[in-house]
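Novice:
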Amino acid sequence: MSEAMFGAIEAGGTKFVLAVGRSPEELEDIRRVSTSHNPLETVAEVVAYFERHPEVAALGVASFGPVDHRTGSIANTPKAGWKDFPLRDALRRALHVPIGFETDVAAAALAEARLGAARGLKDSVYMTIGTGIGGGVIVNGWPVQGLVHPEIGHLLVRRAPEELEGYAGNCPYHGGCLEGMAAGPAIQARWGRPAHELPEEHAAWRIEADYLAQMCVNLAFTVSPEMIVLGGGVMAQHHLYAMVRARAGELMNGYVALPRIEAPVLQYPGLAGALMLAQEAGR
Ligand code: ADP
Ligand code: ZN
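Counting from 1, position 81 in the sequence shown corresponds to residue 86 in my numbering; the numbering is continuous, with no gaps.
Laid out in structure tokens, this is it:
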């Protein structure tokens, strides 16, 4: 039974969400700070919040990315001012506590693996299908880092059968990568309407399910997780789960077992994961 208090930061491109807690299941004093174009302004607000919680023994940061684990910075972002900003060091200098630092999706993956849909499993993947597509990979109970970290959102996918001549994709780096074809803005750009306005029987969802199924099968072939958790705004289309499972089964074609494909269960997986990072950093 741990009595120490920890701090959690979910650092996003539009807002930072802050919390403290003795366990990831009991987040307290949840506050939002808007992400300024000047990182020093945002850091000053974050520091002021944690100065009101001097009992915090360690911090966990779940950051938008891609991140650089070695320098604790956000390595690449179109958000002016934030590219290469050393967020971890800026916080450590002001608050003098150990800091765990991961991508937002790695933290969310950790939380879903320890407390959520993939509870009790050793190897799982958490994906968010929203404004972008991102994922965290848990192997042996901890997020995979590697040379950079997994960037599953940018998997190179083949075109869905229905759109061989169609939409080119909107990823600024790769055009028709997974994110360029299947994130919320790609659905909107392809059909001229926001994804949430497309009815369940619309052809958009068969195409979407095909891309997400390719992702799941490629994850099965590379990481072989026991479960793939699919979250994010686009997955509010609950009918997609059955469609993705069915299409993934077709693509797998009986070769090896398909991981379970499930919805997340936690309300704040990124924030809960950040608190877990803090607990580990404080050990
Ligand atoms: P973010 O990725 O910015 O953290 P979300 O995970 O909420 O935020 O994703 C937002 C995206 O999800 C938007 O691009 C939007 O098109 C899509 N989205 C939100 N609600 C729905 C819905 N009910 N059905 C389909 N897509 C949705
Ligand atoms: Zn891409």
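No residue lacks a Cβ here, since even glycine has one placed at the ideal position from N, Cα and C. What you are looking at is a predicted structure, and each value in this text was computed from that prediction instead of being measured.
(1) Assign TYR260 to buried or exposed, taking buried as 16 or more other Cβ atoms, counted over all protein chains shown, within 10 Å of its Cβ.
(2) Cutting at 6 Å between CB atoms, please list the residues of its own chain near ASP215, excluding the five before and the five after it.
(3) Report the residue from TRP87, ILE143 and ARG98 whose alpha carbon sits nearest the alpha carbon of GLU56.
(4) Can you grab the Cα-Cα spacing for the pair GLU255 / GLU117, in whole Å?
(5) Using a 10 Å radius around the Cβ and a threshold of 16 neighbouring Cβ atoms, would you call HIS154 buried or exposed?
(6) Along the chain, where does the beta strand (DSSP E) containing THR133 start, and where does it finish?
(7) Beta-carbon separation of ASN175 and ALA200 under 8 Å?
(8) Count the other CB atoms, across all protein chains shown, that sit within 10 Å of the CB of GLU213; report buried if there are 16 or more and exposed otherwise.
(9) Determine the burial state of ASP109: buried for a count of at least 16 other Cβ atoms within 10 Å of its Cβ, exposed for fewer.
(10) Please state whether DSSP places GLU267 in a helix, a strand or coil.
(11) In three-state DSSP terms, what is GLU15?
(12) For GLU184, name the three-state secondary structure that DSSP assigns.
(13) Hey, which unbroken runs of the alpha helix (DSSP H) at 4 residues or more fall wholly within the region 77 to 165?
(14) Exposed or buried, which one is PRO204 when buried takes at least 16 other CB atoms within 10 Å?
(15) Using CA atoms only, rank isn't needed, just tell me which of PRO44, VAL66, ALA225 and ALA62 is closest to HIS101.
(16) By how many angstroms is the C-alpha of TRP87 removed from the C-alpha of THR136?
(17) Straight-line CA distance for SER229 to ARG250?
(18) So is the beta-carbon of GLN150 under 7 Å away from any non-hydrogen atom of the ligand ADP?
(19) Taking just the CA atoms, how far does GLU8 sit from ALA218?
Specialist: So, from the listed chains and residues:
(1) exposed
(2) ALA165 and ARG252
(3) ARG98
(4) 27 Å
(5) buried
(6) 129 to 134
(7) no
(8) buried
(9) buried
(10) strand
(11) strand
(12) helix
(13) 92 to 100 and 109 to 119
(14) exposed
(15) ALA62
(16) 19 Å
(17) 16 Å
(18) no
(19) 43 Å
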